[in-house]
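To keep things clear, I will list the structure first and then write my remarks on it.
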Amino acid sequence: MSVRLDLKSKLGLDVFKEDSKPHIKIKPGLESDPRLKKAVLVCPAGLYKLNDKGEIALSTDGCLECGTCRLACGPEVLDWNYPSGGAGIQFRFG
Ligand code: SF4
44 MSVRLDLKSK LGLDVFKEDS KPHIKIKPGL ESDPRLKKAV LVCPAGLYKL
94 NDKGEIALST DGCLECGTCR LACGPEVLDW NYPSGGAGIQ FRFG
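Using our numbering, the final residue of the sequence shown is 137, and nothing's skipped along the way.
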C-alpha cells in the first residue's frame, strides 16, 4: 500500500537546523524590487511573502537550498549563500 503525502507534509519530514544568521538576504533597499516577485512564485517552500506595503519579506527557516530564487531573481537583488557547516536542511525520505 502506498501513502500519498501533499507537499506540506513531505516538507514536514525534513529537518532544519537554523543558522546563526540568514543565509539568503534581500539586498538592503530592494525589498520592493519587481524582480523579487518571481521568488514568491517559484520558491517551492513558499518562503517569500508579499506584504501590505508591496515589499517582499523572506524567512529562510525551511529553505531547501535549491537555488531557484537565486536563478529567478539574480544576484543583483539577493545575497545568496549556503548555510554555515552543520546548519540548514537535512532531507529525509528522499
Ligand atoms: S533556495 Fe529554494 S527553498 Fe530556499 S528560499 Fe530560495 S527558492 Fe526557496
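All C-beta atoms, glycine included, are put in the ideal place defined by N, C-alpha and C.
Legend entry - Among Lys53, Phe134, Trp123 and Glu119, the one whose alpha carbon lies nearest that of Ser102: Trp123
Inset, instruction - Would you kindly work out how many angstroms separate the C-alpha atoms of Leu73 and Val46, rounded to a whole number? - result: 43 angstroms
Legend entry - Check: Gly110 C-beta below 6 angstroms from any heavy atom of ligand 3: Ligand 3 is not among the ligands present in this structure, which contains only ligand 1.
Inset, instruction - Please list the segments of the beta strand (DSSP E) lying wholly inside the stretch 57 to 110, counting only runs of 3 or more residues, in order along the chain. - result: 58 to 60, 67 to 69, 91 to 93 and 99 to 101
Inset, instruction - To the nearest angstrom, report how far apart Arg135 and Gly89 are at their CA atoms. - result: 19 angstroms
Inset, instruction - Assign Leu50 to one of three DSSP states: helix, strand, or coil. - result: helix
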